[in-house]
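Residue numbers (this note's numbering), protein chains in the order written: chain A, 42 to 424; chain B, 65 to 371; chain C, 371 to 749.
Don't be surprised by glycine CBs; every beta carbon is placed ideally from N, CA and C.
Small disclaimer: the values here were computed from a predicted structure and weren't measured.
Notes follow the structure.
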Amino acid sequence: MKKFVAILLAVLMLIPTFALGENVVKIGVFEPASGDSGAGGKQEMLGMQYANAICPTVEIGGETYKVELVYADNGSSADKAPSAAQQLVSAGVSVVLGSYGSGVSIAASPIFAQAGIPAIGVTCTNPQVTAGNTHYFRICFLDPFQGTVLANYAFKELGATTAYCLAELGNDYDVGLVHYFKEAFTALGGMVIDETFPNGTSDFTSYLTNASMMEAGVFFCPVSIAYATQIVNQAAAMNVNYAILGSDTLDSNKVVEAATGTNLNICVSTFYQEGGNPEFDSGFKAWMNADAEALTNNGGNDMIAAVSVMGYDAYFTALEALKNAGSTDPKAVNEALWNTTYEGVSGAIAFENVNGDAIRDTAYIKSVDTANNAWNFVAVQGV
Amino acid sequence: MFKTILPYLLSGISVGGQYALIAIGYTMVYGILRLINFAHGDVFMVAGILMVYISASGLPLYVSIPLVLIITAGIGFLIERVAYKPLRSAPRMSVMISAIGVSYTLQNLVLYITGGLNQFYPTIPFISKSITIFGATTKMVTVVTPVLTLILMIGLVLLINYTKIGMAMRAVSKDFETSSLMGIKINNVISATFVIGSFLAGVGSLLYFTNYTTVIQTSGAMPGLKAFVAAVFGGIGSIPGAVVGAFIIGICESVIKGLDIILFKLGLSKQMMGLATFSDAFTFALLIVILIVKPTGLFGEKTTDKV
Amino acid sequence: MTKNINNMQRKKLDPAVLISALIIAAVYVAVFVLEQIMPPTSMLFTVLKKAAVYALVAVSMNLLNGFTGLFSLGQAGFMLIGAYAYGIFTIPVAQRAAVYQYYNGGLVQFSLPVIPALVLAGLAAAAFAFLIGLPVLRLKSDYLAIATLGFAEIVRSIFQWDKLGMLTNGSNMLRLFPTFNDFNIKNAEGEVVVYLSTLMPFVIAGVCIALIVMLLHSSYGRSFMAIRDDEISAEAMGINLAKHKQLAFCISSFFAGVGGAMLAMYSNSVQAKSFTSAMTYEILLIVVIGGIGSVTGSCISSFLFVACSEWWLRFLDQKQMIGNFEVPLLRNGFRLVVFSVIIMVVVLFFRQGIMGTKELPDLFRKKLPKKTGKEGEAK
């Protein structure tokens with residue numbers, strides 16, 4: 042019996058390994074498909090899948106290669122990230138895209154480094170992702186920039202003098218952003234109270250009460266979508282009188298849905314505003330509406346999330362790098378990435394030559410239009 | 065001072081009431097089988113997921129709510145029959161491990177079905193409304209929860225003290241073997257316990273997820289663990305004990321989250337100490353203290369070991 | 371990986387022990403050879419490394435739950451302490467500013483070599499265990515389980531506390547410390563000459579497990595088993611219950627601490643939030659699948675458990691085509707469903723686990739059925 046099971050397992054393992062006749066280049070998609078950031082990760086993947094649908098082949102060194110996306114779910118958690126990364130490495134990818142969330146990227150970084158595979162961070166904004174290494178690049182702006190932008194906005198535009206910040210314990214993204222926000226906000230002369238909540242919390246009423254007690258003008262919570270919707274929902278029930286400020290993670294149709302019909306003032310900073318590139322918008326919407334699964338992954342409607350746009354740009358940046366490298370060898374791609382530029386939907390992409398960070402100096406601020414279940418464009422904000 | 069603490073008390077009472085409904089299930093099962101039913105928190109979570117899917121299918125609330133409660137009770141029955149009954153004569157550790165296995169299975173099954181994404185709980189109109197009590201705004205469910213919890217608790221105590229099945233339950237929890245010799249159908253009694261426990265967890269999930277509107281496969285783990293602590297705290301096997309324990313834990317937890325601010329507002333501390341980090345840990349510290357000082361809990365009966 | 375040579379010398383040479391020793395030696399040689407000839411990115415090595423770590427942790431849990439009869443669920447807490455102790459004291463001084471980015475480089479401004487740090491990790495965990503053991507070891511069975519579970523959660527919160535950030539980096543990751551890959555021997559150009567990154571975890575775990583086996587065969591070990599079998603008789607026979615329970619608890623925690631440090635080395639980073647009670651349950655399941663009270667069983671089941679969860683069942687998470695037929699049900703998460711069903715089947719129908727209470731040499735003694743012999747070799 043046990044021998045039979047062993048043979049069965051061995052046979053099952055062989056099934057997925059079939060050979061293909063044509064040239065294939067594999068791009069790893071290192072994104073969360075489950076866990077707290079699962080919703081965001083899926084939206085980011087949608088951008089890549091759409092890009093792959095538009096442009097399924099690439100010319101490398103005079104030959105046409107079919108691009109195959111290889112997925113690995115990092116489960117939104119730093120302890121699952123290394124084995125997901127290892128899965129991509131052993132699948133033999135040439136370059137990795139991802140992730141949504143900084144902690145998982147930091148945890149997986151050494152695995153990619155050892156295998157000599159370059160990675161392009163899509164929306165991981167913590168400086169630690171790219172600092173001190175030569176294989177991790179990123180196409181989005183960084184926390185010190187985003188934190189400062191948001192602090193400026195809170196202090197100058199929202200007129201807050203006291204800010205209450207809430208981060209998830211042990212989430213590098215939240216903690217980092219709150220740190221830089223606090224730095225900038227206190228430099229402007231404001232007062233900051235920062236607290237943290239443990240993973241898996243669902244009762245935020247005490248934290249919301251804390252902010253009211255301290256007469257905060259703004260409640261800054263750059264948390265995962267899962268928590269953000271809870272916070273918005275509970276804040277609405279408590280009828281809070283301060284503004285809720287979020288970062289790019291709150292730029293989600295789920296947050297808009299939760300806020301619709303309430304009188305909350307919710308503002309977020311993000312990478313892209315729908316309408317910025319009408320041609321892309323209509324193409325992407327048509328693609329999503331044609332595929333029920335894509336629509337579900339986008340949260341049930343066709344509102345365009347900025348992270349999808351970033352995913353789309355990341356895919357094409359990777360193709361540019363492959364073209365420049367003239368080979369599918371990860372090391373060559375890594376070299377080529379330093380000088381790769383791409384005119385993306387979210388803006389021009391180029392990497393600075395120390396850490397491989399994107400050269401970007403603008404963020405978009407949007408607010409929720411609670412009457413119409415939509416985003417309102419507020420401003421383009423630099424430092 | 066009252067104005068400062070009131071909002072925390074309100075949210076604590078409502079969380080406490082929801083923990084209480086889960087804790088009753090723990091305490092009843094433990095009273096009879098001497099089993100920490102680790103899967104109970106997950107039954108609570110599954111009830112939440114069921115509600116999401118059943119109401120998404122378009123059924124009206126007056127159909128979907130009873131349906132969820134019935135299915136949840138059925139799941140409790142099924143878990144007992146599949147995972148615990150075959151191990152009736154096995155060592156207690158095996159049964160406990162089976163419970164951990166069931167918990168693992170339920171979580172993974174939900175992970176698979178939902179694709180690992182947060183599910184949004186449907187709005188139940190009446191209890192989702194906002195109301196204002198002494199200047200603190202909250203959801204109607206905050207007020208409904210403690211009342212409903214107390215009503216259910218009184219009903220359950222009456223059931224246990226004045227009905228035939230209740231008498232059988234008391235007998236089985238006193239002495240498993242003798243009561244089976246006396247002609248009590250042990251398996252029926254145990255099934256009834258699981259059905260009642262799961263039903264209450266289902267009610268708890270209605271209230272809890274109306275308050276905190278997202279459900280994910282791990283949503284049951286922490287509330288489950290805390291409800292268990294509440295059951296131990298109140299004296300395991302005692303239903304009023306579990307309810308009192310749950311309210312104490314709910315309130316403590318909520319106050320600790322705001323403790324920095326409360327101390328600051330009352331002028332007792334000058335700076336933030338990050339005490340909110342300990343909101344979960346405090347529950348367990350409380351548990352360990354009670355276990356060491358009074359191992360049978362607040363209302364537990366004293367037992368002696370037989371050689 | 372169980373009996374070691376010291377045991378052989380004490381008694382007369384038992385052929386079964388000799389065969390076992392040869393099998394274990396063969397496993398080590400095989401690991402070494404495979405590592406030199408296969409590409410280092412292969413999933414096999416990831417699985418082997420993680421399994422070696424889990425084997426040690428599972429054996430340490432087995433020492434407590436299986437051999438001493440103390441039902442403790444605090445394993446993740448002790449692993450956390452070990453992992454942090456290792457991380458805090460081994461991050462190179464030059465990297466500290468980067469790791470402790472919000473705490474000005476942190477408090478500790480020196481770093482220890484790997485092996486002393488591993489021992490320190492174990493000692494730190496054992497010291498905590500000693501303190502925790504004073505009150506909680508008086509509790510019985512389930513109450514002990516729930517109290518130790520509670521302690522693990524408390525430890526997790528303490529390590530995440532912002533005010534200890536100078537030491538623990540708050541709730542943020544510790545990283546950039548030496549990992550298994552630093553065991554590889556490199557030449558002047560930085561190219562790896564001899565791969566040791568998989569062999570070393572095997573060696574460290576092997577030494578620790580050998581120590582545990584020796585302990586189990588000493589008079590202490592026999593006292594532990596007497597306590598498991600009947601506490602009251604054991605006490606009547608003159609065994610000091612409190613002392614022996616405390617001893618077993620501390621020793622188990624010591625090795626859990628070392629295991630935690632090795633887990634940190636495996637995963638390149640440490641973060642308190644990943645040491646949840648779910649991790650303890652996972653290890654408990656490994657112990658149960660292997661057989662409560664069998665060191666060999668814990669080792670074998672660690673390898674099977676890790677290989678199934680990380681590698682062999684991965685294909686269940688992706689859409690598979692056989693010809694033009696898309697296999698139904700396969701999508702993200704299905705692997706875990708299948709896996710949990712397998713576990714339930716083992717728990718319900720194979721209560722003895724893989725090995726029951728047998729050890730590797732028992733498989734080569736005549737009175738035992740031949741059937742189980744295969745699995746001993748499979749490792």
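- If only uninterrupted alpha helix (DSSP H) runs of at least 4 residues are considered, those enclosed by the segment 155-196 of chain B are 156-178, 189-192.
- Identification of residues in the segment 180-206 of chain B having a C-beta nearer than 9 Å to some C-beta of chain C yields G180, given in sequence order.
- Counting along the chain, G452(C) sits inside the alpha helix (DSSP H) bounded by residues 445-460.
- Taking 8 Å as the threshold, the shortest C-beta distance from M714(C) to chain B falls below it.
- Proximity of the segment 517-524 of chain C to the segment 344-353 of chain B meets the contact definition, three or more beta-carbon pairs being nearer than 8 Å.
- A Cβ-Cβ distance of about 18 Å is found for the pair G452(C) and A421(C), leaving them out of contact under the 8 Å criterion.
- Taking a C-beta distance under 8 Å as the contact criterion, V93(B) and G314(B) do not qualify as a contact pair.
- Looking at the DSSP output, Y106(A) sits in a beta bridge with V99(A).
- In this chain, C308(A) is not harboured by any alpha helix (DSSP H); it is covered by the beta strand (DSSP E) spanning 307-311.
- At least one CB atom of chain C sits nearer than 8 Å to the CB of H220(A).
- In this structure, F625(C) is the residue among P698(C), F625(C), Q690(C) with its C-alpha nearest to the C-alpha of I574(C).
- Taken atom to atom, the span from the alpha-carbon of L73(B) to that of F328(B) is near 17 Å.
- Comparing alpha-carbon positions, the option among L85(B), N172(B), L271(B) lying closest to L289(B) turns out to be L85(B).
- Secondary structure of K249(B) (DSSP, three-state): coil.
- Collapsing the DSSP output to three states places I234(A) in a strand.
- Contiguous beta strand (DSSP E) elements confined to the segment 221-268 of chain B do not occur, taking only those with 3 or more residues.
- If you ignore the 5 residues before and after Q445(C), its C-beta comes within less than 6 Å of the C-beta of M431, A626, T650, I653, all in its own chain and listed in chain order.
- Neighbours of T237(A) in chain B, taken as residues whose beta carbon is under 9 Å from its own, are G338, A340, T341 in chain order.
- Less than 8 Å divides the Cβ of I161(A) from the Cβ of V136(A).
- Close to chain B, meaning a Cβ-Cβ distance shorter than 7 Å, are the following residues of the segment 244-267 of chain A: D244, T246, S247, Y248, T250, N251, M254, M255, A267.
- Within chain A, not a single residue places a beta-carbon under 7 Å from that of Q406(C); the smallest gap is close to 17 Å.
- For the options A111(B), F258(B), V110(B), the alpha carbon positioned closest to that of V146(B) is the one of F258(B).
- Judged by their CB atoms, A455(C) and A631(C) are nearer to each other than the 8 Å cut-off.
- Annotated three-state conformation of W416(A) is strand, per DSSP.
- Neighbours of S75(A) in chain B, taken as residues at a C-beta separation under 8 Å, are given in chain order as L175, G179, G180, L181.
- The DSSP assignment places complete alpha helix (DSSP H) segments of no fewer than 4 residues inside the segment 193-240 of chain A at 213-228, in order along the chain.
- Of all residues in the segment 209-234 of chain A, only L210, G211, D213, V216, H220 come within less than 7 Å of chain C when Cβ atoms are compared, listed by chain position.
- Using a 10 angstroms sphere on the CB of C96(A), the tally of other CB atoms stays under 16, which defines it as exposed.
- DSSP places T270(A) in no beta strand (DSSP E) but in the uninterrupted alpha helix (DSSP H) bounded by 266-279.
- Interface annotation, E680(C): in contact with chain A, CB-CB separation under 8 Å.
- Cβ-Cβ separation between F572(C) and V401(C): approximately 6 Å, consistent with a contact (criterion under 8 Å).
- For the pair of segments examined, the segment 472-491 of chain C was found to touch the segment 533-548 of chain C: the number of CB pairs separated by less than 8 Å reaches three.
- Put simply, the segment 280-298 of chain A touches the segment 177-191 of chain A. At least three CB pairs are less than 8 Å apart.
- Note on the segment 254-339 of chain B: whole alpha helix (DSSP H) runs with a minimum of 4 residues are 285-298, 303-321, 323-329, in chain order.
- Neighbourhood of D120(A) in chain C, by CB distance below 8 Å: S637, Q641, S644, in chain order.
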